[in-house]
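Residue numbers (my numbering): 832 to 984. Working notes for the structure below.
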Amino acid sequence: MIRGALALVALVVAVAAPVATGHTSTVATDPAPGASLPAAPQRIVVTHGQPVGAAGRARVTVDGTDVAGPARLDPADARRLVIPLTAGPAGRYRARWQVTAADGHSLAGELTFTVRATPPGRVAARAGTRITAAIDRLLAGVRAVAGTGPAPS
Ligand SMILES: [Cu+2]
832 MIRGALALVA LVVAVAAPVA TGHTSTVATD PAPGASLPAA PQRIVVTHGQ
882 PVGAAGRARV TVDGTDVAGP ARLDPADARR LVIPLTAGPA GRYRARWQVT
932 AADGHSLAGE LTFTVRATPP GRVAARAGTR ITAAIDRLLA GVRAVAGTGP
982 APS
């Protein structure tokens, strides 16, 4: 009797296994869970073990403000769900999404990570570097027009 039951279980597993093809799970996220980043990413990428059938709803909040653009599947790799971010403030990011796997099953996921606030002094230093570079380019352009220097690169 037990042997018969085991044989039945083995048969059910053997029959059920091919049906599981297309079922998927999340294998990686970018950023990684719990990451602490110096700047906000432009997008969140969720990679699944199998190609996904359809992108569902996605929500990304930073201190209650939603910063998610419309989620879509990567046209080059249907395992990848791409959630663009419409803003990149410092703070704690919480992403939630839902996809429909190729077998029709719904799969939901969640991710949190942090974008650190940049110290004010560093922002000013970076802005100063950009302004200096812009002035250098401008001066190079003026010299090139005047024929007194090399053309700007
Ligand atoms: Cu499934």
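Cβ coordinates follow ideal geometry from the N, Cα and C atoms, glycine included.
Worksheet item: So is H936 buried or exposed if we call it buried at 16+ other beta carbons inside 10 Å?
Response: exposed
Worksheet item: According to the neighbour-count rule (16 or more other Cβ atoms, all chains shown, within 10 Å of its Cβ), is A859 buried or exposed?
Response: exposed
Worksheet entry | Cβ-heavy atom distance, H854 to ligand 1, below 7 Å | yes
Worksheet item: Quick one: does the C-beta of H879 sit closer than 7 Å to a heavy atom of ligand 1?
Response: no
Discussion item. Could you check whether V898 and A932 sit closer than 8 Å to each other, using their CB atoms as the reference points?
Written reply: no
Worksheet item: Which class does A866 belong to by DSSP, given the choice of helix, strand or coil?
Response: coil
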